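Novice:
Protein chains: 2
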Amino acid sequence: METLIKEPTTRNAKNTFNMIIESAINLFYKNGYHGTTVNNITQEAGIAAGTFYLYFPSKLSLYKHILIMFSHNIRRTIAANVAEKVTRYEKEREGLKSFIMLAKENPQMYNIIWESLYIDRALFKDYYESFAKRYIKGLNNSVKREEIRALDTEVVSYILMGVANFIGLKVVLDLGDNNDDIEHIVDVYMDLIKHGLFQ
Amino acid sequence: METLIKEPTTRNAKNTFNMIIESAINLFYKNGYHGTTVNNITQEAGIAAGTFYLYFPSKLSLYKHILIMFSHNIRRTIAANVAEKVTRYEKEREGLKSFIMLAKENPQMYNIIWESLYIDRALFKDYYESFAKRYIKGLNNSVKREEIRALDTEVVSYILMGVANFIGLKVVLDLGDNNDDIEHIVDVYMDLIKHGLFQ
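So the sequences go chain by chain: Z and F. Take the first sequence: its position 116, counting from 1, is numbered 140 in my numbering, and each next residue is one higher. Take the second sequence: its position 62, counting from 1, is numbered 86 in my numbering, and each next residue is one higher.
Okay, here's the thing in structure tokens:
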């Protein structure tokens with residue numbers, strides 16, 4: 025967490041804080057991080073320019089805050105849905121489905137997370153490495169329970185993150201066909217990782 | 025192909041043309057597309073500012089030209105390596121390996137291709153949709169030859185592109201471990217798509 029951010033305590037301050045964040049998300053999505061100034065954000069939020077700095081020392085600190093928000097939101101949503109499932113098979117299916125639904129409902133999320141590669145490569149690296157760490161933990165537990173095969177779970181975590189990201193991208197940007205039928209997409213994925221690709 | 029680009033005919037012109045492209049690739053990688061001006065490019069290339077416009081009408085047309093170059097290069101390299109292999113299994117292994125090697129040798133490629141999402145979303149969409157089309161064709165042929173199972177090859181193409189992209193990214197940005205042992209990474213992938221994930 026960015027230590028220099030001043031988290032608001034009163035209800036008014038919280039409203040302003042949230043309005044800054046919401047405006048920034050819309051503008052970063054529409055015009056990109058580099059195409060958005062602090063002035064654009066305060067104008068969009070309808071607040072005085074100086075008010076921004078009561079909460080965030082810079083545009084970058086606001087961006088980092090949003091990145092952490094998204095990351096927590098993704099983890100929390102997937103974890104809550106996956107927790108209801110028992111087997112690794114069901115957990116894997118629910119995990120992918122939750123991620124796609126979340127991406128579809130928040131198309132800005134994708135753009136803003138990936139843009140970290142063009143803002144500070146270390147942010148992108150941290151983001152996916154910390155995501156992978158949790159994924160690996162879950163996979164290792166499933167290996168112990170003999171639910172999945174004892175493959176290198178570190179490599180597997182990046183393989184499965186890649187699938188989730190590209191399938192999410194396909195749905196969000198409507199690449200190719202089938203993008204309204206998420207159950208079908210998830211079924212193809214499960215079929216593939218259950219029975220393999222080859223005859 | 026961007027029709028407004030003036031392809032050079034003399035050797036001197038070709039040298040200048042290539043120097044502009046090489047300088048642009050380095051600067052786009054270092055400072056991003058939005059952080060690079062035409063002036064930066066001509067300075068880096070050591071040519072007069074006006075010379076740029078003898079070849080490219082704009083920074084965007086140069087970017088599009090580079091994107092097409094990368095796309096052709098990736099396809100040509102993978103196709104050449106894959107052509108030597110006989111079975112779909114060997115083709116799939118060689119395809120992933122070639123892609124990772126190419127990404128490792130050209131770390132700018134990744135950054136510049138993905139940045140299209142922040143330059144013009146339609147470019148990104150076109151890039152992956154046209155890549156998918158060729159992938160689907162190859163997969164459909166393998167289904168006909170009964171080498172792979174009759175899954176929805178459109179969805180499968182995005183799944184496998186996602187894997188290649190994230191594994192490539194892992195190696196290029198050195199995310200997590202194992203990134204020097206590309207044979208191992210490719211083996212884990214092949215094991216996964218041959219035998220599936222589950223026990």
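Think of the CB as a built atom: it goes at the ideal place given N, C-alpha and C, for glycine as much as any other residue. Everything numeric in this text was worked out from a predicted model, so none of it was measured.
Label residue 110 of chain F either buried or exposed according to how many other C-beta atoms from any shown protein chain fall within 10 Å of its C-beta, with 16 as the threshold for buried.
Specialist: exposed
Novice: Kindly indicate which three-state DSSP category residue 148 of chain F falls into: helix, strand or coil?
Specialist: helix
Novice: Measuring only the C-alpha atoms, how far is residue 48 of chain F from residue 84 of chain F?
Specialist: 11 Å
Novice: When Cβ atoms are compared, which residues of the region 178 to 195 of chain F fall closer than 7 Å to chain Z?
Specialist: 178, 179, 180, 182, 183, 185, 186, 187, 189, 190, 191 and 194
Novice: Between the Cα of residue 132 of chain F and the Cα atoms of F:217, F:222 and F:51, which residue gives the shortest distance?
Specialist: F:51
Novice: Could you check the C-alpha separation between residue 160 of chain F and residue 124 of chain F for me, to the nearest Å?
Specialist: 20 Å
Novice: Which residues of chain Z have a Cβ atom closer than 9 Å to the Cβ of residue 59 of chain F, listed in chain order?
Specialist: 58 and 142
Novice: Looking only at DSSP bridge pairs, what is residue 222 of chain Z linked to?
Specialist: F:172.
Novice: For a test of the three-state rule: what should DSSP assign to residue 80 of chain F, helix, strand or coil?
Specialist: coil
Novice: In chain F, which residues lie with their C-beta within 8 Å of the C-beta of residue 213 of chain Z?
Specialist: 179 and 183
Novice: Taking CB distances under 8 Å as the criterion, tell me whether residue 117 of chain Z reaches chain F.
Specialist: no
Novice: Taking residue 172 of chain Z as the query, report the chain F residues whose CB atoms sit under 7 Å from its CB, ordered along the chain.
Specialist: What residue 172 of chain Z touches in chain F: 221, 222 and 223.
Novice: Residue 217 of chain Z touches chain F at which residues, Cβ-Cβ below 8 Å?
Specialist: 216, 220, 221 and 222
Novice: Can you give the Cα-Cα distance for residue 135 of chain Z and residue 57 of chain F, rounded to whole angstroms?
Specialist: 16 Å
Novice: Quick check on DSSP: helix, strand or coil for residue 96 of chain F?
Specialist: helix
Novice: Using a threshold of 8 Å, state whether the C-beta atoms of residue 200 of chain Z and residue 108 of chain F are closer than that.
Specialist: Residue 108 of chain F is positioned such that its CB atom lies no closer than 8 Å to that of residue 200 of chain Z.
Novice: Who are the near neighbours of residue 128 of chain Z in its chain, counting only those whose CB is closer than 7 Å to its CB and skipping five residues on each side?
Specialist: 195 and 196
Novice: Please compile the residues from chain F whose C-beta is within a distance smaller than 8 Å of the C-beta of residue 114 of chain Z.
Specialist: Going along chain F, no residue has its Cβ under 8 Å from residue 114 of chain Z, so there is no contact; the nearest lies around 11 Å.
Novice: Using 8 Å as the limit for Cβ to Cβ distance, is residue 176 of chain F near chain Z?
Specialist: Using a Cβ-Cβ cut-off of 8 Å, residue 176 of chain F counts as an interface residue toward chain Z, since at least one Cβ of chain Z sits closer than that to its own.
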